[in-house]
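Here's the structure we're looking at; comments come further down.
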Amino acid sequence: MIWETVIGLETHVELATRTKIFCGCSTSFGAPPNTHCCPVCTGMPGALPVLNRRAVLLAVRAGLALGCTVSRRCAFDRNNYFYPDLPKAYQISQLYLPLCRDGAVDIGGGKTIRIAELHLEEDAGKLVHDPWTEQSLADFNRCGVPLIEIVTRPDFSAAEEVIAYLEKLKLTLQYLGVSDCKIQEGSLRCDVNLSVRPAGSRELGTRTELKNLGSFKAIARAIDYEARRQIELLEEGRPVVQQTRRWDENKDATFPMRSKENAQDYRYFPDPDLPPLELEEAWLDSLAAAQPEMAWEKAARYQTQWGLSADDARTLTGRKPLADYFEAVVELGAPPRRAAGWVLGQLLAALGARGLEAEHIPLPPAALARLIHLVETGALNRNTAARVLEAVFDAGGDVDGYVAAHGLGQISDPAAVEEAARAALAANPKALADWRAGKGKAKGFLVGQVMARLQGRADPALVNRAVDALLEESK
Amino acid sequence: MRMSEEMADYVAGLAMLELDGEERREMAGELEKILDYMAALDSLDTAHAPPPGPVLPLKNVLRPDEPAPSLPREELLACASARDGEYFLTPRAVE
Ligand SMILES: [Zn+2]
Numbered sequence: 003m004i005w006e007t008v009i010g011l012e013t014h015v016e017l018a019t020r021t022k023i024f025c026g027c028s029t030s031f032g033a034p035p036n037t038h039c040c041p042v043c044t045g046m047p048g049a050l051p052v053l054n055r056r057a058v059l060l061a062v063r064a065g066l067a068l069g070c071t072v073s074r075r076c077a078f079d080r081n082n083y084f085y086p087d088l089p090k091a092y093q094i095s096q097l098y099l100p101l102c103r104d105g106a107v108d109i110g111g112g113k114t115i116r117i118a119e120l121h122l123e124e125d126a127g128k129l130v131h132d133p134w135t136e137q138s139l140a141d142f143n144r145c146g147v148p149l150i151e152i153v154t155r156p157d158f159s160a161a162e163e164v165i166a167y168l169e170k171l172k173l174t175l176q177y178l179g180v181s182d183c184k185i186q187e188g189s190l191r192c193d194v195n196l197s198v199r200p201a202g203s204r205e206l207g208t209r210t211e212l213k214n215l216g217s218f219k220a221i222a223r224a225i226d227y228e229a230r231r232q233i234e235l236l237e238e239g240r241p242v243v244q245q246t247r248r249w250d251e252n253k254d255a256t257f258p259m260r261s262k263e264n265a266q267d268y269r270y271f272p273d274p275d276l277p278p279l280e281l282e283e284a285w286l287d288s289l290a291a292a293q294p295e296m297a298w299e300k301a302a303r304y305q306t307q308w309g310l311s312a313d314d315a316r317t318l319t320g321r322k323p324l325a326d327y328f329e330a331v332v333e334l335g336a337p338p339r340r341a342a343g344w345v346l347g348q349l350l351a352a353l354g355a356r357g358l359e360a361e362h363i364p365l366p367p368a369a370l371a372r373l374i375h376l377v378e379t380g381a382l383n384r385n386t387a388a389r390v391l392e393a394v395f396d397a398g399g400d401v402d403g404y405v406a407a408h409g410l411g412q413i414s415d416p417a418a419v420e421e422a423a424r425a426a427l428a429a430n431p432k433a434l435a436d437w438r439a440g441k442g443k444a445k446g447f448l449v450g451q452v453m454a455r456l457q458g459r460a461d462p463a464l465v466n467r468a469v470d471a472l473l474e475e476s477k
Numbered sequence: 167m168r169m170s171e172e173m174a175d176y177v178a179g180l181a182m183l184e185l186d187g188e189e190r191r192e193m194a195g196e197l198e199k200i201l202d203y204m205a206a207l208d209s210l211d212t213a214h215a216p217p218p219g220p221v222l223p224l225k226n227v228l229r230p231d232e233p234a235p236s237l238p239r240e241e242l243l244a245c246a247s248a249r250d251g252e253y254f255l256t257p258r259a260v261e
């Protein structure tokens, strides 16, 4: 039998606010345990949560970008469960009146994924399990960090589609400044709902939910594994059990989760501490009008406005800090295609060699713009400029200072070039003889020798012309 | 509505309560009375009534995204029934 896989996603994304969703505790990652906690986020008696305005703003921005309808009126509910990562014994979420509904994401190849809803909620704490004792260590710093949960319809049929969706979601949220979406720090987390059914069937099979997916690679592999597992069960005439399963990276397999998931009876009820939210139409309109340019819009503009190739435009916009950097260099007067060449060439190589990310480019855009200008006007040749970039990359980017201090200005005095060319020819009689014997390669060697005599600083066109002239002369 | 002892036990389990036989019967009886009261409300036709809002005449209570001091860790951990220097200690949670 031919089977098809049906997948829906629930993605949790931490919002880029400074403070938690209902209190003023910091959201910064990596603080010492239990230092970002207060009576509100640890659920002490009498504490009163107050909603963070910026969390609402960021969630609405995300909803608009995902094509959702933003509810004019929404409210918060309590999701009740006992687990040591949740000191309040309930999570504040939105069940009955979520912030956004009914969006859609185009993932390319003619496929659209429908978004069922997007709502605000708070994160839980972190548990560290001590293998030597029967205890766990609880750190509540993450309790109350604002999240949006984005729930799709079961519209995916393969791991590749899921990854394409997540890549686009991540890029969208990064461009909006809604979240940094660092999957390794847990600011983007994804649960997968998966079932299989005979191809062409309209009914959904029994689904399982996959958790503990710590990377896009893990997500793809867990999906492939779980689809295979369910198909094997069904082909042996055994049922798929509806359950939550945990991906084990080391064993490359999913296993049923125990405890927590047995009692999925969250007894939601409206949170009496939080008044409802009523959003003004005018405010929503102003937000919609102020949405920034998205990655794919930028990529299209780079091609039509600046004549970049589709590949270059996609690479530049694939990371927002890189696109911002590139645009800053162009803004400072560099011709766009030249700027793209430098950013995608020397600059990425320099970052790669240092293991740096695009948001941490030490070289100011003005330094690269200056370097490109010096090459364009013939003051530096390209190879020297690449050496200068490497030299000033970590040192504040004083291009002019470095060029002056090291006497690197391009030699464009024809007399100096001719002199060096004569000396090079005189010193390499064998190459000259080879050239006369018809070996074209010998000329390239001589050009290299002239360049070396001028410390690589000469205008290459000038060197070529000088060597040609001398070779003509020597015939 | 009939509230079985098993159902009472299930609800108690969700609330992390352990009930003995006598308590279970008592709880089942009390919960049954509550459900009967709900059933009386349920008999009203609410198809066209708007969902009930909060009782307080408030909306859009928001605060700016400005940091405020958190509790000193010592003070926070003083509330813990079990702790080590930096963490709350909890019964071992699986996975
Ligand atoms: Zn707090």
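The listed protein sequences derive, respectively, from chains A and B. Take the first sequence: its position 318, counted from the start at 1, is 320 in the numbering used here, and no numbers get skipped. Take the second sequence: its position 56, counted from the start at 1, is 222 in the numbering used here, and no numbers get skipped. Cβ coordinates follow ideal geometry from the N, Cα and C atoms, glycine included. Everything numeric in this text was worked out from a predicted model, so none of it was measured.
- Close to ligand 1, as judged by a C-beta nearer than 5 Å to any of its heavy atoms, are the residues A/Cys25, A/Cys27, A/Cys40, A/Val42, A/Cys43, in chain order.
- In the displayed model, A/Gly10 falls within a strand according to three-state DSSP.
- When only Cα atoms are considered, B/Cys245 and A/His38 end up about 15 Å apart.
- Exclusion of the five residues before and after A/Arg74 leaves Leu281 as the residues of its chain whose Cβ lies within less than 6 Å of its Cβ.
- Between A/Glu162 and the set A/Asp415, A/Thr154, A/Asp226, the nearest pair of CA atoms involves A/Asp226.
- In the displayed model, B/Leu183 falls within coil according to three-state DSSP, outside both helix and strand.
- The beta carbons of A/Ala352 and A/Leu391 sit closer together than 8 Å.
- Counting only runs of 4 or more residues that sit fully inside the stretch 174-254 of chain A, the alpha helix (DSSP H) segments are 218-237, in chain order.
- Inclusion of A/Leu464 and A/Trp437 in the CB contact set at 8 Å is not warranted, their separation being larger than that value.
- Measuring C-alpha to C-alpha distances from A/Leu349 to each of A/Asp396, A/Trp308, A/Gly309 identifies A/Asp396 as the nearest.
- Under DSSP, the beta-bridge partners assigned to A/Asp108 are A/Thr114.
- The C-alpha of A/Pro364 is placed about 9 Å away from the C-alpha of A/Leu358.
- Counting only runs of 4+ residues, the alpha helix (DSSP H) found wholly inside the stretch 317-368 of chain A occupies 322-333, 338-344, 350-356, in chain order.
- Exposed is the label assigned to B/Ile200, since fewer than 16 other Cβ atoms lie within 10 Å of its Cβ.
- For the 8 Å CB-CB criterion, A/Asn36 and B/Tyr253 form a contact.
- Under DSSP, A/Phe257 takes part in a beta bridge, and its partners are A/Arg248.
- For A/Leu190, the closest C-alpha among the options A/Met46, A/Pro294, A/Lys172 is that of A/Lys172.
- Close to B/Leu243, with beta-carbon spacing below 7 Å, are these residues of chain A in chain order: Asn36.
- Contact annotation: B/Arg258 and A/Gln137 have beta-carbon atoms nearer than 8 Å.
- Look at A/Glu295 here: in three-state DSSP terms it is coil, with no helix or strand label.
- Nearest Cα to A/Ala49 within the set A/Arg56, A/Arg55, A/Pro41: A/Pro41.
- In the structure shown, A/Ser288 falls within a helical segment according to DSSP collapsed to helix, strand and coil.
- Taking a Cβ-Cβ cut-off of 8 Å, the neighbours of B/Leu255 in chain A comprise Gln137, Ser138, Leu139, Ala140, given in sequence order.
- Of the candidates A/Asp79, A/Phe24, A/Ile23, A/Ala64, A/Ala64 places its Cα closest to the Cα of A/Leu289.
- Checking the DSSP bridge columns, you'll see A/Thr21 partnered with A/Ser28.
- A straight line joining the alpha-carbon of A/Gln245 with that of A/Val164 spans about 21 Å.
- Between A/Thr21 and A/Asn54 a beta carbon distance of about 6 Å is seen, short of the 8 Å cut, so the two are scored as contacting.
- Per DSSP, A/Glu151 is not a residue of any alpha helix (DSSP H); the beta strand (DSSP E) it occupies stretches across 148-154.
- What B/Pro233 touches in chain A, judged by beta-carbon distance under 8 Å, is Arg20, Thr21, Gly26, Cys27, Ser28, going in chain order.
- Counting only the Cα atoms, A/Tyr270 lies some 6 Å from A/Asp79.
- Annotation: the stretch 382-414 of chain A contains the following complete segments of the alpha helix (DSSP H) (minimum length 4 residues), in chain order: 384-394, 401-407.
- The C-alpha of B/Val227 is placed about 7 Å away from the C-alpha of A/Val52.
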